[in-house]
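Participant: What follows is a structure written as structure tokens; I'll ask about it next.
Number of protein chains: 2
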Amino acid sequence: MQNKCKHRQLCAAPARHELSLCLCLCRAEDSAMENIVTEKKAEESHRQDSADLLVFILLLTLTILTIWLFKHRRCRFLHETGLAMIYGLLVGVVLRYAIHVPSDMNNVTLSCNVNASPATLLVNVSGKFYEYTLKGEISGSEINDIQDNEMLRKVTFDPEVFFNILLPPIIFHAGYSLKRRHFFRNLGSILAYAFVGTVVSCFIIGLFMYGCVLLMKQIGHLGGDFFFTDCLFFGAIVSATDPVTVLAIFNELQVDADLYALLFGESVLNDAVALVLSSSIVAYQPEGDNTHTFEAMAMLKSFGVFLGVFSGSFALGVATGVVTALISFTFTKLRELPLLETALFFLMSWSTFLLAEACGFTGVVAVLFCGMTQAHYTFNNLSPESQDRTKQLFELLNFLAENFIFSYMGLTLFTFHNHVFNPIFIVGAFLAVFLGRAANIYPLSFLNKITSNFQHMMMFAGLRGAMTFALSIRDTATYARQMMFSTTLLVVFFTVWICGGGTTPMLSCQKIRVGVDSDQENFVSIGPDGVEMRSTKQESAWLFRIWYNFDHNYLKPILTHSGPPLTATLPACCGPLARCLTSPQAYENEGQLKDSDSDLILNDGDISLAYGDITVSTDATGAHTSGTPVGGVAVNSDEALDRELAFSDHELVIRGTRLVLPMDDSEHPLPLDSHRHKNETMSLVS
Amino acid sequence: MQNKCKHRQLCAAPARHELSLCLCLCRAEDSAMENIVTEKKAEESHRQDSADLLVFILLLTLTILTIWLFKHRRCRFLHETGLAMIYGLLVGVVLRYAIHVPSDMNNVTLSCNVNASPATLLVNVSGKFYEYTLKGEISGSEINDIQDNEMLRKVTFDPEVFFNILLPPIIFHAGYSLKRRHFFRNLGSILAYAFVGTVVSCFIIGLFMYGCVLLMKQIGHLGGDFFFTDCLFFGAIVSATDPVTVLAIFNELQVDADLYALLFGESVLNDAVALVLSSSIVAYQPEGDNTHTFEAMAMLKSFGVFLGVFSGSFALGVATGVVTALISFTFTKLRELPLLETALFFLMSWSTFLLAEACGFTGVVAVLFCGMTQAHYTFNNLSPESQDRTKQLFELLNFLAENFIFSYMGLTLFTFHNHVFNPIFIVGAFLAVFLGRAANIYPLSFLNKITSNFQHMMMFAGLRGAMTFALSIRDTATYARQMMFSTTLLVVFFTVWICGGGTTPMLSCQKIRVGVDSDQENFVSIGPDGVEMRSTKQESAWLFRIWYNFDHNYLKPILTHSGPPLTATLPACCGPLARCLTSPQAYENEGQLKDSDSDLILNDGDISLAYGDITVSTDATGAHTSGTPVGGVAVNSDEALDRELAFSDHELVIRGTRLVLPMDDSEHPLPLDSHRHKNETMSLVS
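Respectively, the protein sequence lines represent chains A and B. Note that the working numbering has the first sequence beginning at 291, numbered continuously upward. Note that the working numbering has the second sequence beginning at 291, numbered continuously upward.
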């Protein structure tokens, strides 16, 4: 076949940095045949993509069936995520070594005079234009690999898929299913671990790794650049803990709820902190030529980026949650159409992510706080069917995304081409991770007066998972990043398999109570002396009490149909405004002098019957203290807080619980329904 | 800034058709700055993408809120899909005319000597390699548009998104929620409409449009090529009907169930037929130079493609459905973990699509039959919670996808750049669509003995929707395709707004019964004379009776836990095999001499109490006729069939019903539960 290419240059535009289009012209005479070939190639490529995705789907199917087998046989030494990784590893080995695809491609060289990489590239082949989109930068060493094995590259996903598709549902689910009672009870400790602890851990790991890197440089084991910022970046990404495995076992064994809350709260928040931290480390760019020296201004700017991105994402997430709550509060008739309600909830939560990304904030962080806001306000306005639907939907999405990430993780160990396994760096990393975790947990636990067995357990439960992996695979262009990625994979494997598998022995070794019914414990705390259980929580409760009063008296009545009417909580001068904002249902609540939260506790056990109206008595303005505490117990707002949050926990499925305990109490909507019914009849009577 | 580009040609490989890689080399000196610019550009592009998607999400949110308002006010003149289109139109107008983005890009010309368009393109800019992926072909006229308005192009989705992401859940939902009783009762008519009718309609429209095209050529109104195959292709794509709007109103008004089944069955199947038909028309390629002449061999080959693709997709869909049923049948303990069960169901259904695409069949068609198989077999093996979850999940996905497609449809009227609105073609198309529908409905209705008011209603309800749109937007490269796309949009708008809005007046004009309770009607049919209602269905039932017996006696027992035990239905010689394949639950059923399907009817009304064991008496082998019909009524297998399918309908939500009637009978799981409970106690007694 003869090709007569005529080069033609459309226009020699001056090289500017805003260019985003590029035309590539080439003419060949044999257009008809080429056409068919191109179409066939596109079809072939689509088929191949389908087949690759199918491999993953079948992998997930296999994982699910095996998980079932494990659950059925009550094996606790290997969690589903560990299992998914093993399957991923096996498939990776098969793809790497067992399948040999004959290399059927040839290189065609395009010589062209562009000086930047535009987002869109137009190539003119035989009079037909083909559009190409920028996929990303490729390191020089990878080019040979592309030619080596196209097939392995095919099963490699764009790392942005993890951030834009797989992480959001996982993080949203975490926020939406937070055990809020215990979370808020331990808010002080959790915030300390998540913010102070993660930053400390990041810097400890960074410094330690910098020492290792210097050592490696000394003995000539370093094959490329490795700067201090790279070390800090590594510190940030391996500081994100993911205790899915541990928490699943905690749930199954019903481990102490405070320990559960500490671990869960810490891991959820420190994902967000580590993510923002890593992006502000990347943003550290001193001026001048030497881009890796220390500079106070650049440092301050990075710190500003951290604060700005975190608070911006937080504000956006909360704002979208509040808007959703307001919509569901205003359009009450939406409750009759659960499908619309669920769709609205899903779309609003998704738009949080998109809005944050569009504004330059971090979508994943926004989604976390959106989830928490939705659970706290919107959830109360949803119809019971929508409550179930949204929970189940995000549970399913979380399950699929999580298992996909973990099996992909196993796969990449063999299919990723640029692994840099450096023994010194790996040993150093394991030590650094251990030290960083210790520096995070022990000093802060001492300050927060957490018992030593809890400290050891938290130390042990610092598993690394989805977030660490997603952060490390996001950029594997340089030598340093490749070494980090390979090492991170090993850290994840080790912690998930060894620490995850060792949870049960560790629990019994540390003599931590198992089989604790968190509701039971709640009622114990309201025993005759009323103080015994709150010794650990009093320290952090003070900072939350102000917030709680504000939330209960003003936000809940405005955003949900529960809580006291605003007319009761606002000062008398705001009367007209309050009447206008209060929903009719709130007045019904007022008629009974209790809100639905405390009412539920009424149905739960007879001992709390006397406290049916405590939540109203927490009112700081003193407008409604008609419901006086009975029995002479000093009932303070902490208990009301406890109960309110306990109520919320009832309705939310604990992360992963469904998998372990189908007889979880969230499965019994009956008390709630009977309560609702009772509420209706009572309002008819009154 | 100075750029010193050095052209370098890596290797001058011979031009082969298998090439899939291409290197494009160019060197510039200013690499550091370029790097940052590229990164910023990628970030900017990501932000823009997020913002675009956000527009759609907010559009959907707005649509949902307005739908709710319409439902609330009981407006029936405009359906949600019509509403979504209006919002899409408005946003399209705003994007097109109100927002002016300053064109900030320049063209850089790449001159290069390739003779084909590879799937991956590597561009070397300043020593860094950037990877580009092939997005698709662009028509010459579009190139200027790209330069004109990048922003409008940004809100344009890859047409393959419709086929690979949005259509599958819609079609699966259609299959999963098919009202199977009435569908099978009218199977003959539905198959006639779907296969014969769609082909007839396609050819009538194609011939008529070819006449129009010849006329246009005569008077010089044609601005490009328009071949007979293009006309036929147009005929195929506008023959796919989408009666979402009509059926939603039918549901609300409880229109005659047979009419509903005819319309729904026809529209679901003719989507599949039209899709395969259009791809086999594209596959029509006569040998030789003149590629648009008639040639018998090519025609036969196209026909072969049609049969092959359709039957292949059908077989694949059914096969995956059966495999899922077998898994859920074997791993019965999975019922304890509804999350795993739902995930498995979802993954298996998705893998049908991927498998079909990977094999070169049509994923959408495979998914339709997979949905029907899942509903018929797998659904019976799922736990009640998973039954709810899967229904709700696909209902939500269907709702979101459908509204997205319709609002996108409205948007493209203004944002698509290559509209070709030809008055003659448009008028011709409307006439042709009318004629084609008439040629589909009236002759076949005459053969199937369908009353004239039903015929007129079906004629009127031939709305065009998602499938027509997706097929027409798939390829808009040539002049002919652009004209088709523009005309198709208008046809969809017209039918959805005018025919959709006119459904209620049309129903009353044609004096079609409304307010018919389909269950009630079922029991009327088993009145004392027992024949009155089956006059319309007897014709088609004979071809289904053989299948029904086979399904009921062999497939249901093997694939589900309902149905009689195999030991009863297989000949005695197969005893050991039968015992091995029959589930213990089936024996329990046998002990009571009835299966769960007929048992439900027992609970439904007292008149049918006498027929509690009819389904076993349908056994063709005569092994179990112990349960004799009481009351002297000639009970034949048709009635059992009716009842079994009626039972299934109880459990499946009718497409769109949730939206309209929250008090739909599928909302009452109580009879089912009490039945289940009763079944258990009875087996304890026996």
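The beta-carbon is built from N, C-alpha and C at its ideal position, and this holds for glycine as well.
1. Can you give me, in chain order, the residues of the segment 675-695 of chain B that have a beta carbon less than 9 Å from any beta carbon in chain A?
2. Can you tell me the Cβ-Cβ gap for Thr488 of chain B and Val563 of chain B, rounded? I've got them flagged as a contact below 8 Å.
3. Rounded C-beta distance between Val599 of chain A and Ser569 of chain A? I'm assuming under 8 Å.
4. Give a yes or no on whether 8 Å exceeds the smallest Cβ distance from Ser467 of chain B to chain A.
5. Sorted by chain position, which residues of the same chain lie with C-beta nearer than 6 Å to Ala722 of chain B's C-beta, five sequence neighbours on each side aside?
6. Closest to Phe518 of chain B by C-alpha separation, out of B:Asn541, B:Thr531, B:Cys492, would be which residue?
7. Out of B:Asn671, B:Met699, B:Ala665, B:His472, state which residue places its alpha-carbon closest to the alpha-carbon of Phe684 of chain B.
8. Taking Phe621 of chain A as the query, report the chain B residues whose CB atoms sit under 8 Å from its CB, ordered along the chain.
9. Alpha carbon to alpha carbon, what distance is there between Phe651 of chain B and Ser592 of chain B?
10. Taking any Cβ of chain A, which residues in the segment 657-672 of chain B have a Cβ under 7 Å from it, in chain order?
11. For the segment 632-659 of chain A, list every residue whose C-beta sits within 9 Å of some C-beta in chain B, in sequence order.
12. What's the gap between the Cα of Leu543 of chain A and the Cα of Leu504 of chain A?
13. What does the alpha-carbon distance come out to for the pair Asn768 of chain B and Phe453 of chain B?
14. Looking at chain A, is there any beta carbon in it that lies within less than 8 Å of the beta carbon of Ile347 of chain B?
15. Here's the rule: buried if 16 or more other CB atoms are within 10 angstroms of the residue's CB, otherwise exposed. What is Arg363 of chain B?
16. Going by alpha carbons, who is nearest to Phe604 of chain B out of B:Leu637, B:Gln575, B:Val566?
17. If you draw a straight line from the alpha carbon of Leu380 of chain B to that of Arg764 of chain B, how long is it in whole angstroms?
18. Classify Glu333 of chain B: buried if its beta carbon has 16 or more other beta carbons within 10 angstroms, exposed otherwise.
19. Exposed or buried, Gly513 of chain A, counting other C-beta atoms within 10 Å across all chains shown (16 or more means buried)?
20. Pick out whichever of B:Asn738, B:Ala770, B:Asn730, B:Leu701 has its Cα sitting closest to the Cα of Tyr387 of chain B.
21. Measuring CB to CB, does Ile461 of chain B end up less than 8 Å from Leu552 of chain B?
22. Alpha carbon to alpha carbon, how far is Leu597 of chain B from Val608 of chain B? Give it in angstroms, no decimals.
23. Give the residues of chain D in contact with His362 of chain A, contact being defined as C-beta atoms less than 7 Å apart.
24. Is the CB of Ile944 of chain B under 8 Å away from at least one CB in chain A?
25. Report yes if the CB atom of Pro458 of chain A is closer than 8 Å to the CB atom of Val657 of chain A, and no otherwise.
26. How is Arg803 of chain A classed by DSSP in three states: helix, strand or coil?
27. So, is Phe474 of chain B buried or exposed, given that buried needs 16 or more other C-beta atoms within 10 angstroms?
28. Sort B:Ile539, B:His709, B:Phe524 by Cα distance to Ile571 of chain B and report the nearest one.
29. Check the Cβ-Cβ distances between Phe706 of chain A and every residue of chain B, and say whether any is below 8 Å.
30. With a CB to CB cut of under 6 Å and the five nearest residues on each side skipped, what residues in its chain are close to His746 of chain B?
31. Among the candidates B:Asp448, B:Gly611, B:Arg679, whose CA atom is the shortest distance from the CA of Thr632 of chain B?
32. Could you tell me whether the Cβ atoms of Asn730 of chain B and Val558 of chain B are closer together than 8 Å?
33. Would you tell me roughly how many angstroms separate the C-alpha atoms of Ile354 of chain A and Leu630 of chain B, rounded to the nearest one?
34. Which complete alpha helix (DSSP H) runs does the segment 748-796 of chain B hold, if anything under 4 residues is left out?
35. Between which two residues does the alpha helix (DSSP H) harbouring Cys365 of chain B extend?
36. Which stretch, first to last residue, makes up the alpha helix (DSSP H) that contains Phe689 of chain B?
Facilitator: Taking the coordinates as given:
1. Glu675, Asp678, Arg679, Gln682, Leu683, Glu685, Leu686, Phe689, Leu690, Asn693
2. 4 Å
3. Confirmed, about 7 Å.
4. no
5. Ile495, Phe498, Met499
6. B:Cys492
7. Ranking the options by Cα distance to Phe684 of chain B, first place goes to B:Ala665.
8. Leu355, Trp358
9. A direct Cα-to-Cα measurement between Ser592 of chain B and Phe651 of chain B gives close to 14 Å.
10. For the segment 657-672 of chain B, the beta-carbon criterion of a distance under 7 Å to any beta-carbon of chain A is satisfied by none of its residues.
11. Flagged, chain order: Thr632, Ala633, Leu634, Phe636, Leu637, Met638, Trp640, Ser641, Phe643, Leu644, Leu645, Ala646, Glu647, Ala648, Cys649, Gly650, Gly653.
12. 45 Å
13. Here the sequence assigns Thr to residue 768 of chain B, which means Asn is not the residue at that position. Straight-line measurement puts the Cα of Phe453 of chain B at about 20 Å from the Cα of Thr768 of chain B.
14. The Cβ of Ile347 of chain B sits closer than 8 Å to at least one Cβ of chain A.
15. exposed
16. B:Val566
17. 23 Å
18. exposed
19. exposed
20. Ranking the options by Cα distance to Tyr387 of chain B, first place goes to B:Leu701.
21. No; because the gap between Cβ atoms is not below 8 Å, this pair is not in contact.
22. 16 Å
23. Checking the listed chains, one finds no chain D in this structure; the protein chains it contains are A and B.
24. Because Ile944 of chain B carries a pLDDT of 34, less than 50, the predicted location of this residue cannot be relied on, and the following value inherits that uncertainty. By the rule that beta-carbons nearer than 8 Å mark a contact, Ile944 of chain B does not touch chain A.
25. Yes, Cβ-Cβ distance for Pro458 of chain A and Val657 of chain A is below 8 Å.
26. coil
27. buried
28. Checked all of B:Ile539, B:His709, B:Phe524; the closest Cα to Ile571 of chain B is B:Phe524.
29. no
30. Gln800
31. B:Arg679
32. In this structure, Asn730 of chain B sits away from Val558 of chain B, with a CB-CB distance that is not shorter than 8 Å.
33. 6 Å
34. 756-763, 769-784
35. Element bounds for Cys365 of chain B: n/a, residue is neither H nor E.
36. 674-705
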